Amino acid sequence: MTKTPPKQQGAARNLDPQDWDAFRDEAHRALDAIIDNIRGLRDGPVWRPASSEARAFFRREAPREGQALTRTLQEFERYVAPFSMGNRHPMFMGWVQGAGSPTGMVAEMLAAGLNANCGGRNHIGLDVERQIARWMARAFGFPEDASGIFVTGASMANFLALLVARHHATQQLNVRLNGLGALKTTLVAYASRDVHNCVRQAMELSGLGARHMRLIASDERRAMRVGDLAHAIAADRAAGLQPFLIVGSAGTVDTGAIDDLDALADLAREEDVWFHVDGAFGALAALSEKLRPLLKGLERADSIAFDFHKWLHVPYDAGFVLVRDPQAHLDAFKSDAAYLTRAPRGLAAGEIWPCDLGPDLSRGFRALKTWFAIQTFGVDLLGECIERTCRLAKKLEGMIEASADFSMRAPVTLNIVCFGVTQDPEGALASEIVMALHESGEAAPSLTIFDGTPAIRAAIVNHRTTEEDIDRFMGLLNGELARARQRLAAADAKARAPQPREAPRGPGRTPLSQD
Ligand SMILES: *Cc1c(COP(=O)(O)O)cnc(C)c1O
115 MTKTPPKQQG AARNLDPQDW DAFRDEAHRA LDAIIDNIRG LRDGPVWRPA SSEARAFFRR
175 EAPREGQALT RTLQEFERYV APFSMGNRHP MFMGWVQGAG SPTGMVAEML AAGLNANCGG
235 RNHIGLDVER QIARWMARAF GFPEDASGIF VTGASMANFL ALLVARHHAT QQLNVRLNGL
295 GALKTTLVAY ASRDVHNCVR QAMELSGLGA RHMRLIASDE RRAMRVGDLA HAIAADRAAG
355 LQPFLIVGSA GTVDTGAIDD LDALADLARE EDVWFHVDGA FGALAALSEK LRPLLKGLER
415 ADSIAFDFHK WLHVPYDAGF VLVRDPQAHL DAFKSDAAYL TRAPRGLAAG EIWPCDLGPD
475 LSRGFRALKT WFAIQTFGVD LLGECIERTC RLAKKLEGMI EASADFSMRA PVTLNIVCFG
535 VTQDPEGALA SEIVMALHES GEAAPSLTIF DGTPAIRAAI VNHRTTEEDI DRFMGLLNGE
595 LARARQRLAA ADAKARAPQP REAPRGPGRT PLSQD
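Residue numbers (this note's numbering): 115 to 629.
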């Protein structure tokens, strides 16, 4: 006798459950399990490497025959959930990453339930997205009719803004139609040397070339030197080039530094160039009345790129680009393909669709989870969580300054603390501490490089991180430093002892990597 259930006679199988009640039970169990997982995450490690069993599991062939949902859920529990990124954990301080929220998770599930395609057409998803654009326009001091769309992240948002700026600067030449060959001169963009690499990449992707991105020196607070910027623009004009874009940073990724946005806006106006702000996470400081003054001048930008998935903890991914002049935004992307024709009535009615404002046609309902977050938590609580992370960063800065073993490498402007080990000219101890912390599962700061030397970087983004966590983090740093010193000393002694054969030491290998 066969064990497979008899195929339904006549009825073609589709992808809906064959037994809805059983499915409902499974789905509820899955939801319960992930809620427990989030609730208990503080008790688990920040991160653990994926087991070889799990890695092997994902090298299998695609199954011809499916299996019960229960079984797939068990595989998720076993091979996926334990080996995730760790950015939800309160001791995660690596890079600048959002922690998500249970509310955001529910919204994401509901969005998947609706499965709306938010590229265009006449449905409520577009209204939700426009509402977010209006809310953020107000938060940043932009005009109400500013134009904006969701994209994957700030990398894409910066890229789109650069394309809008490029189109704006070259309208008569119609580069969209004629290509870059139509340009009579070379377009040049400017940003501080601390700008995120995605801006340089946007120059590459746009065809303008990273060579034509001028990286301007920054001052001791790591904000762009506006005098140097003015000189660079003058020099390029004198050489017959065409400055078209100044990119200000509101919260650099390395240190959280904020450029003098007001001064950049003044200069951009004088020079008649586009003023874009990369505010990936920092622009969201506008939600806190206390922090908002740091962003003075943001309201004068021509465009802003930012993320809801970082400091607002909307589940990945949720980037956004906001453009002051809606016509400029539309002109850079709108096309008139026949299948995108607007009808006077019905599902194809409407005027401007998101597909007119960027390269994506099919796109998910990112607006829903963002709206859920803002609607449910409210702007005040979101601003409070942002403020708290800045307070915790100041606290950690104070502890580092008070410590003989560690010293600050950059000033704290917002929520990022960069520091090193005091006697560690090559950064070997700093690197060792960070890797050991990751492996211990106790905390996850990240590494960055300052003037060629690794530094420890604690980006405190998480709404779950507390004062006690910062105290604990300092204790962990001290413990790992002592252990790293012992390991280095042992490795050193071993290296000095007579050895049968010298192990090769390639560039980039720290002495410790030989252990
Ligand atoms: C994170 C970040 C980016 C890139 O954003 P993604 O959402 O990761 O694409 C760009 N600029 C800054 C300042 C950032 O912090």
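For glycine and all other residues, C-beta sits at the position ideal for the given N, C-alpha and C. It should be emphasised that the depicted structure is a prediction, and the values quoted were computed from it without experimental measurement.
At a cut-off of 6 Å, the beta-carbon of cysteine 312 counts as near ligand 1: some heavy atom of the ligand is closer than that. By DSSP's assignment, valine 361 forms a beta bridge with Ala305 and His390. About 4 Å separates the beta carbon of serine 402 from that of glycine 497, a gap short enough to meet the 8 Å contact definition.
The residue from Ile372, Pro216, Arg505 and Met205 with its alpha-carbon nearest to that of aspartate 308 is Ile372. Residue burial is scored here from C-beta neighbours: phenylalanine 137 has fewer than 16 other C-beta atoms within 10 angstroms and is therefore classed as exposed. Taking a contact to require three or more Cβ pairs closer than 8 Å, the region 377-385 and the region 417-427 do not qualify as touching. Unbroken beta strand (DSSP E) stretches of 3 residues or longer found wholly inside the region 535-566: 560-564, given in chain order.
Residue pairing for serine 417: DSSP places it in a beta bridge opposite His390 and Val437.
With contacts defined as CB atoms closer than 7 Å, alanine 247 and glutamate 258 fail to qualify as a contacting pair. Distance from the C-beta of valine 220 to the nearest heavy atom of ligand 1 is not below 6 Å. Secondary-structure assignment with DSSP links cysteine 532 through a beta bridge to Arg571. Counting only residues of its own chain and dropping the five nearest sequence neighbours on each side, lysine 448 has a CB closer than 6 Å to the CB of Asp470.
Leu183 is the residue among Asn128, Leu183 and Phe172 whose C-alpha sits nearest the C-alpha of histidine 142. Counting only residues of its own chain and dropping the five nearest sequence neighbours on each side, alanine 305 has a CB closer than 6 Å to the CB of Val313 and Val361. Looking at the DSSP output, methionine 327 shares a beta bridge with Ala303. DSSP, reduced to helix, strand and coil, places glycine 262 within a strand of the structure shown. About 40 Å separates the CB atoms of valine 278 and alanine 557; that is not less than 8 Å, and the two are not in contact. Burial of isoleucine 500 is indicated by the presence of at least 16 other C-beta atoms within 10 angstroms of its C-beta.
The continuous alpha helix (DSSP H) containing serine 166 extends over residues 166-171. Per DSSP, methionine 338 is not a residue of any alpha helix (DSSP H), being assigned neither H nor E. If you compare the alpha carbons of Ala164, His203 and Arg174 with that of isoleucine 152, the shortest gap goes to His203. Listed in chain order, the alpha helix (DSSP H) elements of length 4 or more contained wholly in the region 147-208 are 166-171 and 183-189. Cα atoms of glutamate 243 and alanine 481: separation of roughly 5 Å, rounded to the nearest angstrom. Rounded to the nearest whole angstrom, the CA to CA distance from alanine 451 to aspartate 439 is 24 Å. Distance check between histidine 345 and each of Lys509, Arg336, Ala331 and Ser517 places Ala331 closest, using alpha-carbon atoms only. A Cβ-Cβ distance of about 5 Å is found for the pair serine 476 and asparagine 231, placing them in contact under the 8 Å criterion. Closer than 6 Å to some heavy atom of ligand 1: that does not describe the Cβ of valine 493. For leucine 301 against glutamine 356, the beta-carbon gap comes to about 5 Å, under 8 Å, which counts as contact. Taking all protein chains in view, the Cβ of asparagine 272 is crowded by 16 or more other Cβ atoms within 10 Å, so the residue is classified as buried. Relative to ligand 1, the beta carbon of valine 531 is positioned no closer than 6 Å to any heavy atom. Here lysine 483 is buried. Its C-beta has 16 or more other C-beta atoms within 10 Å. Annotation for phenylalanine 486: the continuous alpha helix (DSSP H) segment containing it runs 480-516.
The three-state reading of DSSP puts serine 476 in coil, since its state is none of H, G, I, E or B. Contact annotation: the region 535-547 does not touch the region 387-406, with fewer than three C-beta pairs closer than 8 Å. Residue range 238-254 is occupied by the alpha helix (DSSP H) that includes phenylalanine 254.
When the alpha-carbon of serine 560 is set against those of Asp368, Lys298 and Leu590, the nearest one is in Asp368.
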